[in-house]
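This report concerns only the one structure given below.
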Amino acid sequence: MRLYGTFNGTLVIAGLAIIFTLIAPSVFQFFTIITLTQVIGLSILALSLALVWGFGGILCFGQSAFFGIGAYAYSVAAVNIGGSTGSIFIAILAAAIFAAILGYFIFYGKVSDVYLAVITLTVSLILYSLMRRTSGPEYKIGKALLGGFNGTGSPPLNMPGDGSAMLFPMQTFYVSMAILIIAYVFTGWLVTTKFGRVCVSIRENEVRTELLGYDTRLYKLCLFSISSGIAGLGGVLFCVGVTRVTPDVFSLGQSALAIIWVIVGGRMTLIGPILATFVLYFLTSSLGSQQIFNANLVLGIILVVFVLIVPNGVVPTIMNWFERRRAKRYARQKERRMKLRKHRAIG
């Protein structure tokens, strides 16, 4: 049974992720678990970009803008209302609504894909510049000080309905992994629906899809907003993991990292960018701590190598290799069966 690229395959991977979640505390040290919690948020950012770019063909250079909006919205909301559950939904809605407003003018203004990438990157850099200028005590939303370059504190997650019952780091890891798995299964389901198939059709040939009677601008706007909401969710988990959100979440470096993760993992898959985020994060962190190589130099080399040699990414390349082997094995078996039938007929 073919699992790659199907919803059944998504469920299998989700099951493996659940097993990993259960055994991780007994395998990794406590500090590594805390780091994993931080990387989970980044992996959801990569997942959101894989959805909008890989399946919708919309290259969003500024996906970190929605990631940062989600992080700041959660921190501000949690400080003011005193609970994380409602604050998470506020953060997701803030990122999705901002993307919907921006996307409306982009898609219905018939802005080309190249300019869309530039506009989203520009928006991200504008937000980065603005948030760095909010260091005074007058820059606050309710009780939450924005903090300028130093950022603002992010309250930890708490038990739903009890704002005073804060989750411990290990509990936060479990919750973060559960959210990642749910987000992955949701996106895996979404791309198999009619909506997802239309988005893939738009990616392949937008004019033909429009001639078939679909409002391609509306589909692109919806996909753009959904992926931005998912990016905002990633921002929430990231700022909870690091206990603080700073303007760096909007930076050019953050936008570039998300693109690198998706390219290396494979933008035509959902699991590839997630795995690439974890692997590259720990690889660069290890190199940076040992001061053997410059981490940014290593990332640059990895990007060039994958663009030139493995343009489809790691996961699609491996899966396609297995598919070709499976097809060849099936062809050989079929040929042997035909020869056997012919031999029996002659005999």
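Basically the numbering used here = 1-based index in the sequence shown + 3.
Even glycine gets a Cβ: it sits at the ideal position worked out from N, Cα and C.
It should be emphasised that the depicted structure is a prediction, and the values quoted were computed from it without experimental measurement.
Spatial neighbours of residue i in its chain, beta-carbon cut-off 6 Å, leaving aside the 5 residues before and after
{"i": "Ile16", "result": "Ile274"}
{"i": "Thr246", "result": "Ser157"}
{"i": "Phe176", "result": "Ile36, Thr40"}
{"i": "Lys146", "result": "Val82, Asn83"}
{"i": "Gln257", "result": "Ser67"}
{"i": "Ala53", "result": "Val265, Arg270, Leu273, Pro276"}
{"i": "Pro163", "result": "Thr88"}
{"i": "Leu133", "result": "none"}
Own chain residues within Cβ distance below 7 Å of residue i, not counting five before or after
{"i": "Tyr75", "result": "Val248"}
{"i": "Met4", "result": "Caution applies to Met4, whose pLDDT of 43 falls short of 50 and renders its modelled position unreliable; the value that the coordinates give is listed next. Result list for Met4: empty, nothing under 7 Å."}
{"i": "Ala186", "result": "Ile47, Leu50, Ile233, Leu236"}
{"i": "Gly106", "result": "Leu224, Phe227, Ser228"}
{"i": "Val252", "result": "Ser67, Phe70, Gly71, Ala74, Gly238"}
{"i": "Val201", "result": "Thr212, Tyr217, Tyr222"}
DSSP bridge partner residues for residue i (one or two, in chain order)
{"i": "Leu148", "result": "Lys143"}
{"i": "Arg247", "result": "Gly156"}
{"i": "Met169", "result": "Asn161"}
Residue i Cβ short of 6 Å to the ligand GDP heavy atom set
{"i": "Ile262", "result": "Among the components modelled here there is no ligand, and therefore nothing to report on the ligand GDP."}
Three-state secondary structure assigned by DSSP to residue i
{"i": "Gly164", "result": "coil"}
{"i": "Thr155", "result": "strand"}
{"i": "Met134", "result": "helix"}
{"i": "Leu343", "result": "helix"}
{"i": "Met4", "result": "For Met4, the predicted structure reports a pLDDT of 43, less than 50, and the residue's modelled location is therefore unreliable. A value from the coordinates is still provided. Of the three classes helix, strand and coil, the one that applies to Met4 here is coil, per DSSP."}
{"i": "Thr354", "result": "The first residue shown for the chain is 4 and the last is 350, placing residue 354 beyond what the model contains."}
Close-in-space but distant-in-sequence residues of the same chain around residue i (CB under 8 Å, 5 per side omitted)
{"i": "Leu302", "result": "Leu260, Ile263, Leu283, Thr287"}
{"i": "Thr125", "result": "Gly65"}
{"i": "Ala298", "result": "Thr287, Ser288, Leu290, Gly291"}
{"i": "Leu170", "result": "Pro159, Leu160, Asn161, Met162, Val178"}
Through-space distance from residue j to residue i, alpha-carbon basis
{"i": "Leu311", "j": "Gly12", "result": "28 Å"}
{"i": "Leu207", "j": "Asn315", "result": "First, the amino acid is wrong: residue 207 is Glu here, not Leu. C-alpha separation (whole angstroms): 16 Å."}
{"i": "Cys63", "j": "Thr123", "result": "6 Å"}
{"i": "Leu221", "j": "Thr88", "result": "30 Å"}
{"i": "Met271", "j": "Ala80", "result": "35 Å"}
{"i": "Tyr184", "j": "Asn323", "result": "The sequence shown places Ile at residue 184, not Tyr. Whole-angstrom Cα-Cα distance: 24 Å."}
{"i": "Tyr77", "j": "Ile91", "result": "6 Å"}
{"i": "Gly59", "j": "Ala234", "result": "15 Å"}
{"i": "Leu50", "j": "Phe227", "result": "13 Å"}
{"i": "Ser167", "j": "Ile182", "result": "21 Å"}
{"i": "Asp116", "j": "Ile104", "result": "17 Å"}
{"i": "Lys143", "j": "Leu215", "result": "50 Å"}
{"i": "Thr219", "j": "Ile22", "result": "39 Å"}
{"i": "Glu338", "j": "Gly57", "result": "37 Å"}
Every unbroken beta strand (DSSP E) within the segment 8-37, with a cutoff of 3 residues, ordered by chain | none
Whole beta strand (DSSP E) runs in the segment 42-68 with 3 or more residues, listed along the chain?
-> none
Along the chain, which unbroken stretches of the alpha helix (DSSP H) at least 4 residues long are found entirely within the segment 163-219?
-> DSSP runs (the alpha helix (DSSP H)) wholly in the segment 163-219: 172-193, 197-207, 209-214.
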